[in-house]
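Written below as structure tokens is the structure these notes are about.
2 protein chains.
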Amino acid sequence: MASVTAVPSSANAPSLKGSGDDVSTSKGMEDSIHSFKVADLVIELSQTHKAKPDLTNLVFGTVFSDHMLTIEWTNAGGWQKPHIKPFGNLSLHPASSAMHYGVQLFEGMKAYRGADDKVRLFRPMLNMNRMAKSAERACLPAFDRAELVECIRRLVQVDLEWVPQSDSASLYIRPTFLGTERSLGVKKPSHALLYVILSPVGSFFSTGAKPVSLWADSKYIRAWRGGTGDCKMGGNYGASIYAQHEAVHYGCQQVLWLYGDDHQITEVGTMNMFLFWNNEKGEEELATPPLDGLILPGITRQSILELTRKWGEFKVCERYLTMADLRCALKEGRVKEMFGSGTACVVSPVGRILYQGENLHIPCQEDFPQLASRLMKELTDIQYGRTQSDWSVLV
Amino acid sequence: MASVTAVPSSANAPSLKGSGDDVSTSKGMEDSIHSFKVADLVIELSQTHKAKPDLTNLVFGTVFSDHMLTIEWTNAGGWQKPHIKPFGNLSLHPASSAMHYGVQLFEGMKAYRGADDKVRLFRPMLNMNRMAKSAERACLPAFDRAELVECIRRLVQVDLEWVPQSDSASLYIRPTFLGTERSLGVKKPSHALLYVILSPVGSFFSTGAKPVSLWADSKYIRAWRGGTGDCKMGGNYGASIYAQHEAVHYGCQQVLWLYGDDHQITEVGTMNMFLFWNNEKGEEELATPPLDGLILPGITRQSILELTRKWGEFKVCERYLTMADLRCALKEGRVKEMFGSGTACVVSPVGRILYQGENLHIPCQEDFPQLASRLMKELTDIQYGRTQSDWSVLV
């Protein structure tokens, strides 16, 4: 497990400045000053190599690649050198604030291998911008987002063989950021650990792209105004597992999260939600709830909005949608499709919603409705390099 | 770091059945079947002993004793043997659900050394009951609460010298329970780790029992209906640090958490909240918000309610209190005292609240008002064994 080398930043790295999601579009210009740098990267290669898994029936996120990226921070010493090293357990102080007070956040992104054998990331700066926002909310230190993308690119380069040779599989990338304050006061951590692990994943739809069934009930609320629903902080997710079990108890696969007395539709499981319908005014409209602080600002969500607005074929709207709106539209035959969006699945059609004891059936021609199919194709074409796009960043 | 011994459960352990907080008062009678057992405890004593700290100016929760308790659980193998072993870092899989999805919870309790040199716990079964409830909400496995108290007693026995010889200091006990699922799916964990660490703490009021100042604003909400506000899950706390910083920015020490359009008063920092006043009907009343799912069911809160109801000297009420109620009462001179309650401080008087740009001054004769002082004395008399009570459990 030895072979420690300092490796300079690759000179031919594609500049993120040229991508569609320029770092300068987000606020923290100052964070470059005190951040870790890819130029300081220390790489310790693993002497052992795990066998690659058969992706056909692999459960999501259960197998990890040979290496990981770790970067430590202390209030006294600032950011330390980033390290790529053999994948292994973390040694954490038992008082770490990540484990007591949920001072933690994560991101989810993927590396895709195209038919041209090139490996691409999809809009990584959007993940970095969201991660920086989560870090601010969690009182974790700022970092240079472009430097982190570069470190992640280097990690994927080291484990390049782990990016599946398949246009229905990918290498899932999980940046994680923990408060490792070694004391029990509830406070801004004086120690932190940012790390990135990699997990090869098969198609989300390997077992068949069946539309999902949802349990819609206001008994559990995912997020609320003044909370952390728009950040990828761990507490949003752990609190959801109990509701997910109740959904399964009622014969549904996932939770449709509602909010407020009027039962606004917010998210689906861990996905953003889209409704394609003829709206109250009879306009053909793709609608998704607005980013009002309750909703996770999904990268796939944003990409779907941008793509469909570019098409200009129907109205695209960020707006509130209530269960009453949906029920009325179903009754009047105005609903065309409903689907969730996320990094794991791209899009996931909804087939049925159990709400107030009634099964609401959502139209789903041939299991995978037309708009969802088209979005799936356009997005994966970009991700796997079949379509040129400045949303792709070469590894 | 060797010396591994299996130690049978101490025969003369005081039965929890005799305490005021009988285990049978809470629901899960079934959880004894599959739980770990103190009889299986394996003790590995540390060969080194850290120096005890000077408690005078010690920051809360920064120093830990020589040993810790760890108990592992897997879905396949159930609960493993409990271990008392040298305090040290935990080795955790980097995909552990505790670190990604906030599948984590904790408890806070204390061991007190009396003038009689006996060491006591204060109502430990109440902590265990709350911990079991948090575990259910976090989808972590059930355990036998009486067995865990016994394991904790044994841990404190092993580190008995760490219980300070002082009636203004104590040994803080931090049970922690983590999901250690080694995969990235958001689901009920198949691995878990329960551990307990000990930290000697000085008087909360060593720097003088100054009344705290609070920032009351509805910008940040601690908890909401359908969430986890009544459980001691980590996500409740990490999300609060940002608001705490804003409170400090406005020249206040802690956050007074509001809820709803009518700005209900819910909690103070990490404490429950009490208002001692003449209510709208002119009745002398001790009031605290009800346990409606938003409020943490504090052990000190419950003890204060039980004590004052036993006194029978004034009305004791769990009721909603809004900022308008408080402002009106202050204007009319009906407020006697306001204080937070918690394990760390017992009671902590409130001196000032910044609300909608206005400083509300709460009466605070001699810094520590009369009812708060009396409660502080009665509770610490029990905790340190100066008053006999079935709330005390001998270690």
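As they're listed, the protein sequences go chains X and E. For the first sequence, the positions run 2 to 396 when the numbering used here is used. For the second sequence, the positions run 2 to 396 when the numbering used here is used. The C-beta atom is built at its ideal place from N, Cα and C for all residues, glycine as well.
{"Query": "For D326(E), the first and last residue of its enclosing beta strand (DSSP E)", "Result": "No beta strand (DSSP E) contains D326(E), which is instead part of the alpha helix (DSSP H) from M324 to K332."}
{"Query": "Members of the stretch 238-263 of chain E near chain X, C-beta cut-off 8 Å", "Result": "Y238, G239, A240, S241, I242, Y243, Q245 and H246"}
{"Query": "L395(E) burial status per 10 Å Cβ neighbour count (16 or more: buried)", "Result": "exposed"}
{"Query": "The ligand ATP heavy atom lying under 6 Å from the CB of I363(E)", "Result": "With respect to small molecules bound, the structure shown includes none, and the ligand ATP cannot be examined in it."}
{"Query": "Under the three-state DSSP convention, the category A288(X) falls into", "Result": "strand"}
{"Query": "Whole-angstrom C-beta distance between T181(E) and H94(E), which should lie under 8 Å", "Result": "7 Å"}
{"Query": "Own chain partners of A321(E) with C-beta closer than 6 Å, once the 5 adjacent residues on each side are dropped", "Result": "First, the residue type needs correcting, since residue 321(E) is Tyr and not Ala in the sequence shown. Excluding residues within five positions, the ones whose Cβ falls inside 6 Å are Q265."}
{"Query": "Spatially closest choice to G352(E) from S135(E), C346(E) and F369(E), by CA coordinates", "Result": "F369(E)"}
{"Query": "Counterpart residues of P95(X) in DSSP-defined beta bridges", "Result": "Answer is none; P95(X) lacks a bridge partner."}
{"Query": "Within chain E, partners of T229(X) - CB distance below 7 Å", "Result": "A240"}
{"Query": "Exposure label - W80(E); buried when at least 16 CB within 10 Å", "Result": "buried"}
{"Query": "N58(X) classed as buried or exposed, judged by whether at least 16 other C-beta atoms fall within 10 angstroms", "Result": "exposed"}
{"Query": "Neighbour list for W225(X) in chain E, Cβ cutoff strictly below 9 Å", "Result": "I222, A224, W225, R226, G227 and G228"}
{"Query": "CB contact check: L185(X) to chain E, cutoff 7 Å", "Result": "yes"}
{"Query": "Span of the beta strand (DSSP E), counted from its first residue to its last, around A112(E)", "Result": "M110 to R114"}
{"Query": "Collapsed DSSP secondary structure at A244(E) in the structure displayed", "Result": "helix"}
{"Query": "7 Å Cβ cutoff met for S342(X) and T309(X)", "Result": "no"}
{"Query": "N1(E) versus P364(X): straight-line alpha-carbon distance, rounded", "Result": "Here chain E comprises residues numbered 2 to 396, so residue 1(E) is not present and cannot be evaluated."}
{"Query": "Anticipated Cβ contact below 8 Å, G109(E) with R155(E), distance rounded", "Result": "Contact doesn't hold; Cβ gap of about 19 Å is too wide."}
{"Query": "Residues of the stretch 128-150 of chain X whose Cβ lies closer than 7 Å to any Cβ of chain E, in chain order", "Result": "R138, A139 and C140"}
{"Query": "Pair within 7 Å by beta-carbon distance, V159(E) and L172(E)", "Result": "no"}
{"Query": "Cβ neighbours of A248(E) in the same chain (closer than 8 Å, five flanking residues each side left out)", "Result": "L215, W216, Q254, Q255 and V256"}
{"Query": "Beta carbon proximity, P176(E) to chain X, threshold 7 Å", "Result": "no"}
{"Query": "Straight-line gap, G358(X) to M126(E) (C-alpha atoms, nearest Å)", "Result": "39 Å"}
{"Query": "Cβ pair count under 8 Å reaching 3, the stretch 218-225 of chain X against the stretch 92-106 of chain X", "Result": "no"}
{"Query": "Y238(X), enclosing alpha helix (DSSP H) - first and last residue", "Result": "G236 to G239"}
{"Query": "Own chain residues within Cβ distance below 7 Å of F340(X), not counting five before or after", "Result": "F275, V348, S349, P350, V351 and A373"}
{"Query": "Any chain E beta carbon closer than 7 Å to S390(X)", "Result": "no"}
{"Query": "Beta-carbon proximity check, L380(E) vs K233(E), cutoff 7 Å", "Result": "no"}
{"Query": "Identified DSSP bridge partners for A193(E)", "Result": "W74(E) and G180(E)"}
{"Query": "Assigned secondary structure, T267(X) (DSSP; H/G/I helix, E/B strand, else coil)", "Result": "strand"}
{"Query": "Y196(X): contacting residues in chain E (beta-carbon distance under 8 Å)", "Result": "P95"}
{"Query": "Beta-carbon proximity list for G203(X), same chain, < 6 Å, skipping 5 on both sides", "Result": "L56, L59 and A170"}
{"Query": "Paired residues, beta bridge with S171(X) - DSSP", "Result": "V202(X)"}
{"Query": "Rounded distance between the beta-carbons of E268(E) and L297(E), thought under 8 Å", "Result": "7 Å"}
{"Query": "Run of the alpha helix (DSSP H) containing L127(E), from where it starts to where it stops", "Result": "P125 to R138"}
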